[in-house]
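Student: Each residue of the sequence shown is one higher than the one before, starting from 23 at the first, in our numbering.
Quick one: the structure is below, questions incoming.
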Amino acid sequence: MSNPATTGTSPSLLARLEAMTAPELRRLLVEHLGKRKLGLYWESDAIARDAALNADIVLPRQHPELGHRAADMAADAPHRNLIIEGDNFDALRLLRTTHAGRIRVIYIDPPYNTGNKDWVYNDRYVGANDRWRHSQWLEFLYRRLTLARDLLAPDGVLLVSINDENRAKLELLLDEVLPGRRIGSLVWRTRDTTSAKDRNFSDVHEHVLVYGNEGFSFNGSEKTQRKYKNPDRDPHGPWNGDPLTLAFDRFDRPNLYYPLHDPKKNRWYPCDSNRVWAYATEDRVTDSSSLQSETMEEWIRREKIIFPDEEETRTWNTLDELLAAIDAGDVPVTPKRKRPLLTRDTPDLDFWVGKTIGFGRPLFKKHWKDLRSHTNPLGSWIARLTETHDDEDFTSLRSPQAGEGTEVIQEVLGSKVFQYPKPPTLIRNLLRQATTPNDIILDFFAGSGTTGQAVLELNAEDDGARRYILCSSTEATAKEPDKNLCRDVCAERMRRVSAGYAGKPGYSAAQGGEFAYLTLDRFSPADLPFEASTEHALPLLGLRLAQALPARASGDVQHIARAGDCDILLCTQVNADSIDTLAQWAAAHDVVRIAVYSERPESLTEALAARSVEAACYGLLDVLRQGQAGGRA
Ligand SMILES: C[S@@+](CC[C@H](N)C(=O)[O-])C[C@H]1O[C@@H](n2cnc3c(N)ncnc32)[C@H](O)[C@@H]1O
23 MSNPATTGTS PSLLARLEAM TAPELRRLLV EHLGKRKLGL YWESDAIARD AALNADIVLP
83 RQHPELGHRA ADMAADAPHR NLIIEGDNFD ALRLLRTTHA GRIRVIYIDP PYNTGNKDWV
143 YNDRYVGAND RWRHSQWLEF LYRRLTLARD LLAPDGVLLV SINDENRAKL ELLLDEVLPG
203 RRIGSLVWRT RDTTSAKDRN FSDVHEHVLV YGNEGFSFNG SEKTQRKYKN PDRDPHGPWN
263 GDPLTLAFDR FDRPNLYYPL HDPKKNRWYP CDSNRVWAYA TEDRVTDSSS LQSETMEEWI
323 RREKIIFPDE EETRTWNTLD ELLAAIDAGD VPVTPKRKRP LLTRDTPDLD FWVGKTIGFG
383 RPLFKKHWKD LRSHTNPLGS WIARLTETHD DEDFTSLRSP QAGEGTEVIQ EVLGSKVFQY
443 PKPPTLIRNL LRQATTPNDI ILDFFAGSGT TGQAVLELNA EDDGARRYIL CSSTEATAKE
503 PDKNLCRDVC AERMRRVSAG YAGKPGYSAA QGGEFAYLTL DRFSPADLPF EASTEHALPL
563 LGLRLAQALP ARASGDVQHI ARAGDCDILL CTQVNADSID TLAQWAAAHD VVRIAVYSER
623 PESLTEALAA RSVEAACYGL LDVLRQGQAG GRA
């Protein structure tokens with residue numbers, strides 16, 4: 023990618039420079055010269071800005087007929103899961119006013135910029151030969167990611183699927199959006215058959231890039247105690263024999279290279295010249311305060327060093343005998359690779375003459391109780407469900423056989439209505455590692471809704487109450503103006519999965535077997551007071567105050583949320599009836615106070631004061647207007 027300021031001379035850039043004053047130009051130059059040179063540059067000034075970027079205000083509109091209520095859901099229970107139809111730039115602008123800092127996991131599988139017209143920029147598919155294809159893709163994602171990062175909780179994480187071809191660009195972009203937050207990437211195998219690329223190279227893997235806020239860590243998995251036993255009834259409990267060596271050679275750590283003595287059996291053990299002993303010997307320590315751990319002798323006194331009980335031993339009475347044994351390979355060897363521990367190059371060979379030499383290896387008695395952590399961290403390699411990894415010290419995520427995503431869509435919806443959905447098993451496994459049971463998970467490139475299904479499956483598995491927010495576009499084009507992927511594939515899938523499909527049981531309300539369906543309306547700020555309505559205010563307030571969509575009640579007073587001893591209400595019509603309802607609300611609903619949103623907060627305050635009801639009254643227009651600008655200036 024090149025920097026427009028050095029290579030591009032687009033008319034808009036030139037016009038901007040022409041219009042600048044000398045001090046402004048000087049400031050720009052200083053800024054430019056002082057700018058970090060390492061990183062990603064793309065022609066953001068040369069391409070037409072994302073048309074989604076404007077000063078309009080986006081408000082939600084709920085469509086109860088397109089949502090789904092679980093069979094066991096109380097009539098007044100709010101929706102906790104959301105499907106939002108439309109451009110995700112708008113959805114993110116809305117969510118930034120309702121869910122800032124509240125999302126634990128954002129998982130996205132954005133269009134991969136394959137050149138196969140897989141994404142739309144300014145209402146136009148971007149094809150392989152588009153001159154600005156890569157820059158447009160980066161700009162498109164940059165705008166959305168800068169909004170999305172504000173949604174992440176302090177312990178939140180962003181997980182992004184990407185193919186190998188675009189991984190480097192996307193990773194640099196994410197470094198820019200979330201500096202210092204890169205945790206790593208996971209790799210999984212996507213296909214079993216060749217992708218038939220040229221040059222005899224077949225690309226069969228994809229990545230999941232991981233960027234987390236400071237408080238985030240993967241769950242890992244509990245270490246098993248399988249290897250820890252207590253054959254000697256040690257009062258400190260079960261233990262395992264750990265290697266007693268460090269990954270340094272004798273030249274790096276000469277002081278840790280020494281013959282080890284078992285004082286009880288009077289046997290000697292040669293040190294591995296490639297892996298020295300883990301603890302210093304008192305013979306060579308001049309200042310014990312500089313040691314980070316106990317000495318080897320101290321560990322031996324504390325019976326923490328396990329010398330082999332049954333082992334071969336030898337005594338060579340002369341140096342010649344020893345040299346003959348070395349030449350015959352009849353000396354102690356390393357446990358795995360069987361490298362000789364005594365060679366003709368071993369310093370001070372005479373030392374080993376006349377002593378009893380043990381052929382086994384001493385180990386360190388590592389007690390289960392003393393482990394720094396009883397959790398295995400998550401490894402970056404995603405193994406196949408069928409692969410076995412017995413001796414790993416890390417948790418391995420699992421991916422299913424290729425094709426699971428499409429098979430599941432076919433099973434749920436009866437046909438392959440969506441190309442390249444992700445396998446639910448993979449997403450479920452990622453979420454099992456990245457979430458706790460009450461988290462909110464957002465996917466703003468939800469496509470067919472795989473993430474939603476994975477959330478429900480995981481909830482059923484561990485009794486969780488995770489919630490999902492899925493944003494999906496209609497994918498309507500001039501050729502297919504009536505196409506509505508969000509409604510007909512994503513929401514339809516979630517409806518069938520929630521209710522139960524192909525003989526599988528559905529999900530309860532607690533498990534998340536429900537959702538509200540929202541579309542987004544755009545308003546210019548000037549038109550807002552005339553065009554926005556309570557249709558917009560109710561979902562907006564519900565999302566903002568309770569991150570849930572209140573069930574619609576009859577009458578002019580609507581309950582939005584409860585905060586401690588206060589009920590938050592929306593009054594859609596200020597009239598005698600609604601004032602009556604409000605005046606009696608606190609007593610009828612066992613709360614101390616009420617807060618009321620309405621179009622006429624002053625009149626309401628007065629009317630309620632006249633009835634000796636103390637209420638905090640707020641104007642709806644201010645709520646509707648509240649900050650939605652997005653993207654960089
Ligand atoms: C790679 S697919 C995601 C597939 C998804 N992970 C699944 O398993 O079904 C990317 C999706 O992003 C959608 N998309 C592209 N641009 C979008 C936008 N601006 N807003 C919302 N969705 C968009 C595309 O329509 C496509 O369905």
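A virtual CB, placed ideally from N, CA and C, is assigned to each residue, including glycine.
Which residues does DSSP pair with S183 in a beta bridge?
Tutor: Walking along the sequence shown from the start, residue 183 turns up at place 161. Residue pairing of S183 in beta bridges, as defined by DSSP: V230.
Student: What span of residues does the alpha helix (DSSP H) with E319 cover, start to end?
Tutor: Along the sequence shown, one-based indexing puts residue 319 at 297. Residues M318 to R323.
Student: Thinking C-beta only, is G376 closer than 8 Å to N339?
Tutor: Reading the sequence shown from its first residue, position 317 is the one you call residue 339. Reading the sequence shown from its first residue, position 354 is the one you call residue 376. Yes, these two residues count as a Cβ contact at 8 Å.
Student: Check whether the segment 444-455 touches the segment 121-141, taking contact to mean three or more Cβ pairs, one atom from each stretch, closer than 8 Å.
Tutor: yes
Student: Go ahead and pull the three-state DSSP assignment for K191.
Tutor: The residue you call residue 191 lines up with position 169 of the sequence shown. It is helical.
Student: Inspect the CB distances between the segment 208-215 and the segment 226-236 and report whether three or more fall short of 8 Å.
Tutor: Result yes; three or more Cβ-Cβ pairs closer than 8 Å.
Student: What does the alpha-carbon distance come out to for the pair A638 and T627?
Tutor: If you number the sequence shown from 1, residue 638 lands on position 616. If you number the sequence shown from 1, residue 627 lands on position 605. Each residue's alpha carbon lies about 7 Å from the other.
Student: If you draw a straight line from the C-alpha of C588 to the C-alpha of A573, how long is it?
Tutor: By one-based count along the sequence shown, residue 588 stands at place 566. By one-based count along the sequence shown, residue 573 stands at place 551. Rounded to whole angstroms, C588 to A573 spans 19 Å at the Cα level.
Student: Would you mind sorting Y442 into buried or exposed? The rule is 16 or more other CB atoms within 10 Å of its CB.
Tutor: Mapped onto the sequence shown, residue 442 falls at position 420. With fewer than 16 other Cβ atoms within 10 Å, it is exposed.
Student: Looking at ligand 1, does it come within less than 7 Å of F238, judged from the CB to the closest heavy atom?
Tutor: Here residue 238 refers to the residue found at position 216 of the sequence shown. F238: no, Cβ never under 7 Å from ligand 1.
Student: Which word fits T28, buried or exposed, when buried means at least 16 other C-beta atoms lie within 10 angstroms of its C-beta?
Tutor: The sequence position of residue 28 within the sequence shown is 6, counting from 1. Confidence is the limiting factor: at T28 the pLDDT is only 39, short of 50, which leaves the residue's position unreliable and the question unanswerable from this model.
Student: Shorter than 7 Å, the distance from the beta carbon of F111 to the closest heavy atom of ligand 1, or not?
Tutor: What you label residue 111 is simply residue 89 of the sequence shown in a count that begins at 1. Yes, ligand 1 has a heavy atom inside 7 Å of this Cβ.
Student: Count the CB pairs spanning the segment 267-274 and the segment 229-242 that are closer than 8 Å, and state whether there are at least three.
Tutor: no
Student: Would you say Y250 touches ligand 1, meaning its beta carbon is less than 7 Å from a heavy atom?
Tutor: Within the sequence shown, residue 250 is the residue found at index 228, counting from 1. It does not: the Cβ of Y250 is nowhere closer than 7 Å to a heavy atom of ligand 1.
Student: DSSP state of Y79, grouped into three classes?
Tutor: Reading the sequence shown from its first residue, position 57 is the one you call residue 79. Reading off the sequence, residue 79 comes out as Ile, not Tyr. Three-state DSSP puts I79 in a strand.
Student: Output needed for N597: all residues of its chain with C-beta closer than 8 Å, excluding positions within five of it in sequence on either side, in chain order.
Tutor: Counting from one through the sequence shown, the residue named residue 597 turns up at place 575. Cβ neighbours of N597 beyond the five flanking positions: D578.
Student: P357 and L364: beta carbons closer than 8 Å?
Tutor: Working through the sequence shown from its first residue, we reach residue 357 at position 335. Working through the sequence shown from its first residue, we reach residue 364 at position 342. Contact: no.
Student: Using alpha carbons as the reference points, say which of W321, P201 and E497 lies closest to H283.
Tutor: Numbered from its first residue, the sequence shown carries residue 283 at position 261. Taking only the C-alpha atoms, the option nearest H283 is W321.
Student: What residues are listed by DSSP as bridge partners for C593?
Tutor: Mapped onto the sequence shown, residue 593 falls at position 571. According to DSSP, which records beta bridges pairwise, C593 is partnered with V579.
Student: Given a cut-off of 8 Å on the beta-carbon distance, is the pair L385 and D197 in contact?
Tutor: By 1-based counting over the sequence shown, the position of residue 385 is 363. By 1-based counting over the sequence shown, the position of residue 197 is 175. Contact flag unset, no.
Student: Around the Cβ of V52, are there at least 16 other Cβ atoms within 10 angstroms (buried) or fewer (exposed)?
Tutor: One-based indexing of the sequence shown puts residue 52 at position 30. Exposed.
Student: Please return the same chain residues whose Cβ sits closer than 6 Å to the Cβ of N252, not counting the five positions on each side in sequence.
Tutor: Numbered from its first residue, the sequence shown carries residue 252 at position 230. Excluding positions up to five away in sequence, the list reads P260.
Student: Looking at C-alpha atoms only, which residue of I590, G137, E319 and N296 is the closest neighbour of R306?
Tutor: The residue you call residue 306 lines up with position 284 of the sequence shown. Ranking I590, G137, E319 and N296 by Cα distance to R306 puts E319 first.
Student: Can we count T472 as close to ligand 1, meaning its CB is less than 7 Å from some heavy atom?
Tutor: Here the question's residue 472 lines up with position 450 in the sequence shown. True, at least one ligand heavy atom lies under 7 Å from that Cβ.
Student: Could you have a look at G382 and say whether DSSP puts it in helix, strand or coil?
Tutor: The residue you call residue 382 lines up with position 360 of the sequence shown. If DSSP states are grouped into helix, strand and coil, G382 belongs with coil.
Student: What three-state label does DSSP hand L642 in the structure shown?
Tutor: For the purposes of this step, residue 642 is taken as residue 620 along the sequence shown, with counting starting at 1. DSSP places L642 in helix when its eight states are reduced to three.
Student: Where does K326 fall in DSSP's three states?
Tutor: Here the question's residue 326 lines up with position 304 in the sequence shown. Three-state result, K326: coil.
Student: Taking 8 Å as the threshold, find out whether the segment 541-557 comes into contact with the segment 82-90 through three or more Cβ pairs.
Tutor: yes
Student: Would you give the residue range spanned by the beta strand (DSSP E) that F545 belongs to?
Tutor: For this step, residue 545 is matched to residue 523 along the sequence shown. Residues A538 to F545.
Student: Quick check for students: name the residue ranges of the alpha helix (DSSP H) that lie wholly in the segment 78-128, counting only runs of 4 or more.
Tutor: Counting whole runs of 4 or more residues, the segment 78-128 contains the alpha helix (DSSP H) stretches 110-120.
Student: Where does P133 sit, in a helix, a strand or coil, going by DSSP?
Tutor: As a first step, residue 133 is located in the sequence shown; it is residue number 111 there, counting from the start. If DSSP states are grouped into helix, strand and coil, P133 belongs with coil.
Student: S495: beta carbon under 7 Å from a heavy atom of ligand 1?
Tutor: Residue numbering aside, residue 495 sits at position 473 when the sequence shown is read from its first letter. For ligand 1, at least one heavy atom lies less than 7 Å from the Cβ of S495.
Student: Closer than 8 Å is the cut-off here; do at least three beta carbon pairs connect the segment 110-117 with the segment 181-190?
Tutor: no
Student: Taking Cβ positions, are L88 and A513 nearer each other than 8 Å?
Tutor: Numbered from its first residue, the sequence shown carries residue 88 at position 66. Numbered from its first residue, the sequence shown carries residue 513 at position 491. Taking 8 Å as the Cβ cut-off, L88 and A513 qualify as a contacting pair.
Student: Using a Cβ-Cβ cutoff of less than 7 Å, which residues in the same chain neighbour L563 once the five nearest sequence positions on both sides are dropped?
Tutor: Within the sequence shown, numbered from 1, the residue matching residue 563 stands at position 541. Once the five neighbours on either side are set aside, the close Cβ partners of L563 are I582, L592, Y619 and V645.
Student: Measuring from the CB of G427, is there a heavy atom of ligand 1 at a distance below 7 Å?
Tutor: Taking the first residue of the sequence shown as position 1, residue 427 is located at position 405. Correct: G427 has its Cβ closer than 7 Å to ligand 1.
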